[in-house]
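The numbering of the sequence shown is this note's numbering, which starts it at 6 and goes up by one. Glycine is no exception: its CB is placed at the ideal position from the N, C-alpha and C atoms. Notes for the one structure printed next.
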Amino acid sequence: MMTTDLLVDTFIFKSENDLSAPDFVQDETTVRVDLGADDIGFGVAAQDNRTDIGYLIYTEEPVSERFSNMVAGASDRFFAVSYNASNHTWYYHANDKLYAFVPSATDRLVAVLDFGSDTAHILTGPQDPIGGIEAGVVATDLQITPQVWNGVYNNGEFSLPAGASEKFFATTYDATRNVWFYHANDVL
Numbered sequence: 006m007m008t009t010d011l012l013v014d015t016f017i018f019k020s021e022n023d024l025s026a027p028d029f030v031q032d033e034t035t036v037r038v039d040l041g042a043d044d045i046g047f048g049v050a051a052q053d054n055r056t057d058i059g060y061l062i063y064t065e066e067p068v069s070e071r072f073s074n075m076v077a078g079a080s081d082r083f084f085a086v087s088y089n090a091s092n093h094t095w096y097y098h099a100n101d102k103l104y105a106f107v108p109s110a111t112d113r114l115v116a117v118l119d120f121g122s123d124t125a126h127i128l129t130g131p132q133d134p135i136g137g138i139e140a141g142v143v144a145t146d147l148q149i150t151p152q153v154w155n156g157v158y159n160n161g162e163f164s165l166p167a168g169a170s171e172k173f174f175a176t177t178y179d180a181t182r183n184v185w186f187y188h189a190n191d192v193l
């Protein structure tokens with residue numbers, strides 16, 4: 006079992022014009038995230054033959070408890086999603102089909118998945134929420150390998166090699182005060 010300590014309630018208050026230095030820090034809380042073999046699984050099963058953009062979500066709730074139709078052996082902490090901005094609906098990928106779902110408050114978008122070019126890019130640094138879901142990581146050793154499931158080539162899937170651990174932060178922007186808030190998730 007891999008362990009990472011995270012500061013998830015340490016808000017750094019920054020002005021929109023200067024995101025480089027904190028004005029103040031408040032309410033530090035440490036949360037322990039344990040990622041075992043089931044959390045990583047054989048990978049993330051996305052809908053095959055898609056050519057649009059999607060995302061990789063980390064969830065605190067086990068995927069197997071949230072969704073009953075996921076592929077056996079899939080990651081229990083990560084899943085692929087797509088967002089339809091025209092109807093403001095999130096869809097999770099269950100390999101061959103998309104299903105609408107309501108995001109959990111603890112969901113975090115950690116990567117952009119480009120299904121057309123078979124690439125994955127970690128969302129690093131402060132990010133605006135996407136479709137109401139918090140996004141971004143401060144640092145990570147997570148590696149996402151497109152077109153691989155359980156160590157072998159498989160169209161449309163994404164491998165999350167063992168040994169990964171995440172350091173997440175959530176971002177929000179308060180337009181009324183012109184201020185960014187984000188979690189500073191430094192390892193303790």
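Pick out whichever of the options has its Cα sitting closest to the Cα of residue i.
{"i": "A140", "options": "A116, M75, N92 and S80", "result": "A116"}
{"i": "F84", "options": "N155, P166, M75 and S91", "result": "M75"}
{"i": "L165", "options": "A105, S73, H126 and P131", "result": "H126"}
{"i": "E70", "options": "D81, Q152 and A77", "result": "D81"}
{"i": "W95", "options": "D101, K102 and V107", "result": "V107"}
With 16 other CB atoms within 10 Å as the buried threshold, where does residue i fall?
{"i": "T111", "result": "exposed"}
{"i": "S109", "result": "exposed"}
{"i": "Y97", "result": "buried"}
{"i": "Q52", "result": "buried"}
{"i": "S91", "result": "exposed"}
{"i": "T129", "result": "exposed"}
Can you tell me where the beta strand (DSSP E) with residue i in it begins and where it stops?
{"i": "R113", "result": "R113 to D119"}
{"i": "G161", "result": "V157 to S164"}
{"i": "Q152", "result": "T150 to W154"}
* Asked: Is there contact between the stretch 46 to 58 and the stretch 148 to 162, where contact requires at least three CB pairs shorter than 8 angstroms?
  -> yes
* Asked: Quick one: complete alpha helix (DSSP H) runs, 4+ long, within the stretch 59 to 124?
  -> 68 to 71
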